[in-house]
Amino acid sequence: MRDDLLPVLACPVCAEPLGRVAAGTVGCATGHRFDEAKQGHLTLLPAKRRALTADTPAMVDARIRFLGRGHYAPVERALAAVVADATAPGVVLDVGSGPGTYLAHALDGRPDGTPDGRPDPAPTDAVAARLGVALDLSAVAIRRAARAHARAGAVVGDVTERLPVVDDAAAVVLDVFAPRNQREYARVLHPEGVLAVVTPRTGHLAELAEATIAVDPEKERRLHDSLTPSFALRSSEDRTWTMELSADDVHDVVHMGPSHHHVDPARTFAPTTVTAAVTVSTWTPVR
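Residue numbers (this note's numbering): -1 to 285.
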């Protein structure tokens, strides 16, 4: 874990900031100590919490393969643009990060230049040096996220509990197909920061309906309810694109999410044209 990220992280016992106390060990002023894993990440779960419902190695591997082929590039570009436009001080916090793929793209900034095709202006020093934190319940995913980007750290944590992050530490919070914690997002986000949320729309992966979990038609309402009154909607954009998937791609997109638990891993698939349909929304804190 990068030493310059430690003050952003909070002790899961007393919520005090963390710092380096010895090689391979971090701790807080109260005296709580946490060992750094050999892969470089930290486990900052509440004492009563164990990662029993986290993504499995097979799910993480499938996600890395599928995202690595660029099928969700429109999502990656949208998040990179949000981070490139952010002006608040602080880190990029990816909650429910998985192996850190989205965070890595976001930290690299907008890859396609400005909308008119001109290169992006040179970033400010603060933006160019923007650091990131990947947070996920899955230790398997976080071991991979620890290597996702040179300016990122990785933490095993639980989005349903108090996040192991100090107040106002994040310029941007990313939530991509992940559970949401309104109160904690509002606490860790800088007053001038932005929350970026990616949710599936009706029709997402529709051609694979037999093997995937259907999108709740009330998802938009539930998203609004899950973030108000702590956040106000700033923007919302629907994005739809077509993916030409090989048999291996179909296997991976089915097994990289919750449908993995309901589909036989030995099942084979045929190459298929599949629709991706998501909403990328941004939210600002209400204080």
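Each residue gets a CB set at the ideal place from its N, CA and C atoms; glycine is no exception.
Where Phe175 is concerned, there is no enclosing alpha helix (DSSP H), because DSSP gives it neither an H nor an E.
For His249 and Glu34, the gap between their C-alpha atoms comes out near 34 Å. Excluding five sequence positions before and after His188, the CB atoms of its chain that fall closer than 6 Å to its own CB belong to Ala86, Gly88, Asp166, Ala169, given in chain order. A direct Cα-Cα distance of roughly 43 Å separates Phe229 from Thr266.
DSSP places Thr238 within a strand segment (E or B) once states are collapsed to three. Between the C-alpha atoms of Ser234 and Pro72 there is a straight-line separation of about 14 Å.
When only Cα atoms are considered, Leu129 and Val163 end up about 14 Å apart.
Measuring C-alpha to C-alpha distances from Thr238 to each of Arg220, Gly29, Thr273 identifies Thr273 as the nearest.
Per DSSP, the unbroken beta strand (DSSP E) holding Leu193 starts and ends at 187 to 198. Less than 9 Å divides the Cβ of Val278 from the Cβ of Leu77. A residue is called buried once 16 or more other Cβ atoms fall within 10 Å of its Cβ, and Val174 is buried on that count.
Within the same chain, Cys12, Glu14 come within 6 Å of Thr28 by CB-CB distance, once the 5 residues on both sides are set aside. In the three-state scheme derived from DSSP, where H, G and I count as helix and E and B as strand, Ala79 is classed as helix. If you check the CB distance, Ala132 and Asp92 come in under 9 Å. Nearest Cα to Leu225 within the set Glu182, Ala204, Glu208: Glu182. Residue pairing for Leu3: DSSP places it in no beta bridge. Excluding the 5 residues flanking it on each side, Ala127 has same chain C-beta neighbours closer than 8 Å at Arg149, in chain order. Pairing Arg61 with Arg285, the inter-Cα distance amounts to about 36 Å.
Pairing His147 with Ala102, the inter-Cα distance amounts to about 5 Å.
Cα atoms of Pro215 and Ala176: separation of roughly 17 Å, rounded to the nearest angstrom.
Per DSSP, the unbroken alpha helix (DSSP H) holding Arg141 starts and ends at 137 to 143.
Look at Thr28 here: in three-state DSSP terms it is coil, with no helix or strand label. Of the candidates Pro97, Arg220, Cys26, Pro97 places its Cα closest to the Cα of Gln37. Each of Ala137, Arg142, Gln180, Arg145 was checked against the Cα of Thr158, and the nearest Cα belongs to Gln180. In the DSSP assignment, Thr277 falls within the beta strand (DSSP E) that extends over 270 to 283.
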